[in-house]
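Notes follow once the structure below has been shown.
In my numbering, the protein residues as written are 12 to 408.
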């Protein structure tokens, strides 16, 4: 579908979904965003739903300003996937051992490595820039700097919530490895620190929603946020890269006779800020629950833990600021899902997937998410499908 234009306060809201299907609170969030004086444009992806601070599935293009709540607390959260030389025939009927090995090597939930992972010991890991990356840690907000040890130990860890590690099979029978994670606790701490600073600034006092407080260009607060933001985005990318290297090593060890090889890893943020130009204007584009989908850009759009995912290639639709959805998107809150569904429902909806099927992850049940096929159908002018994957192993925190 092409987009539907809904009147906003300062700019129209371009929506790649039926506005009538969007919950009222999410629509109000979008109207609030559209009232920001610095806003150049607002695009809404088909996985849109209510978010904390700002709407998930929103692409916010601003001139000379950025809203930390529109990035979210998991700065740099995103996806990585890699195609392997394995086929479905190489996998054992019982995948519980493989799932167990993943959980043993990669900490999940609030877990962390007992010692920081040394990237020089990881097979094929590109260590260029690693020392420079950590050297810049001393420049982040002093209020958060004491978290260095924990940040180092959480590189290469999954987290909880909707984060996952999966073994998938595409429609041709090829095995893929996929994972979803972000900047862990250090990203959260940096985000919350800067959100608090933004809310205190005089120019934000008259906003309709103080959660939408912004930093303005050429101010020390903006400079400090940009420095920490881009470092946290790099941390998230490194976190996924270390996890993927650990994941690949597990697969090599579990399938020694297959001599497994891997293609180039696809990686994309979906909670981040990027400097881009549209309509001849330099803008700061914030994607919260959206991926970059410029012409030829590879991206990953996951469904839920029982419905599969898509590898896509961007079509470069500038009306959407070269963006696409980051997943299926929730259709009900975690609290509502826990009230509606049981562990038995989870087991039924994840039949055929080696994964947790207990009450602790019922809030991640496929029934709590929008149908991924419908979401994909609504963005045919944003991306083209390269591969359709179905998970056979799913690790949750």
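Where a beta carbon is used, it is the ideal one built from N, C-alpha and C, also for glycine.
Can you look up residue i in the DSSP assignment and give me helix, strand or coil?
i           : result
residue 74  : coil
residue 378 : helix
residue 337 : coil
residue 214 : helix
residue 82  : helix
residue 306 : coil
residue 226 : strand
residue 315 : coil
residue 371 : helix
residue 324 : strand
residue 298 : strand
residue 69  : strand
residue 154 : coil
residue 330 : helix
residue 109 : helix
residue 131 : helix
residue 138 : coil
residue 121 : coil
Got a sec, what are the start and stop residues for the beta strand (DSSP E) residue i sits in?
i           : result
residue 401 : 394-407
residue 117 : Element bounds for residue 117: n/a, residue is neither H nor E.
residue 59  : 50-60
residue 198 : Element bounds for residue 198: not the beta strand (DSSP E) but the alpha helix (DSSP H), 195-211.
residue 301 : 301-303
residue 181 : 175-181
Just checking my contact of residue i with residue j at CB under 8 Å: how many whole Å lie between their CB atoms?
i           : j           : result
residue 341 : residue 60  : 5 Å
residue 22  : residue 41  : Rounded, the Cβ-Cβ distance is 11 Å, inconsistent with contact.
residue 225 : residue 77  : 6 Å
residue 376 : residue 357 : 5 Å
residue 169 : residue 258 : Not really, about 10 Å apart at Cβ, beyond 8 Å.
residue 289 : residue 387 : Their Cβ separation, rounded to whole angstroms, is 25 Å, which puts residue 289 and residue 387 out of contact at 8 Å.
residue 223 : residue 47  : 6 Å
residue 300 : residue 58  : 6 Å
residue 304 : residue 326 : 7 Å
residue 155 : residue 109 : Not quite, the Cβ-Cβ distance comes to about 37 Å (not below 8 Å), so this is no contact.
residue 282 : residue 192 : Going by Cβ atoms, the distance from residue 282 to residue 192 rounds to 11 Å, so no, they are not a contact pair.
residue 316 : residue 144 : Residue 316 to residue 144, Cβ: 32 Å. No contact.
residue 194 : residue 87  : 5 Å
residue 273 : residue 95  : 6 Å
residue 331 : residue 25  : 7 Å
residue 68  : residue 56  : 4 Å
Taking C-alpha atoms, which residue in the options lies nearest to residue i?
i           : options            : result
residue 295 : 71, 83, 66         : 71
residue 92  : 382, 188, 196      : 188
residue 380 : 339, 404, 290, 347 : 339
residue 355 : 368, 302, 349, 345 : 368
residue 162 : 197, 142, 177      : 197
residue 148 : 239, 220, 233, 217 : 239
residue 221 : 118, 130, 79, 112  : 79
residue 268 : 19, 101, 15        : 101
residue 123 : 324, 180, 253      : 253
residue 51  : 310, 373, 20, 31   : 20
residue 276 : 43, 235, 63, 90    : 90
residue 311 : 165, 407, 200, 400 : 400
residue 364 : 407, 39, 302       : 407
residue 361 : 405, 180, 328, 350 : 405
residue 370 : 385, 263, 353, 378 : 353
residue 62  : 181, 159, 37, 284  : 37
residue 318 : 180, 279, 199      : 180
residue 49  : 33, 32, 73         : 73
residue 262 : 152, 211, 134      : 134
residue 306 : 212, 328, 286, 287 : 328
residue 402 : 166, 129, 182      : 182
List the residues that DSSP assigns as beta-bridge partners of residue i.
i           : result
residue 280 : 89
residue 293 : 288
residue 26  : 15, 55
residue 95  : 273
residue 188 : 93, 178
residue 166 : DSSP, once it has assigned bridges, lists no residue as partnering residue 166.
residue 365 : 404
The alpha helix (DSSP H) with residue i in it runs from where to where?
i           : result
residue 231 : 231-265
residue 44  : 35-45
residue 346 : 345-351
residue 383 : 383-388
residue 146 : 141-146
residue 21  : It is not in any alpha helix (DSSP H) - residue 21 carries neither H nor E in the DSSP assignment.
residue 354 : 354-360
Quick one: does the C-beta of residue i sit closer than 7 Å to a heavy atom of the ligand FMN?
i           : result
residue 267 : In terms of ligand content, the structure shown is empty, and the ligand FMN therefore cannot be addressed.
Quick one: does residue i have its CB under 8 Å from some CB of chain C?
i           : result
residue 333 : Looking at the structure shown, chain C is missing, and only one protein chain is on hand.
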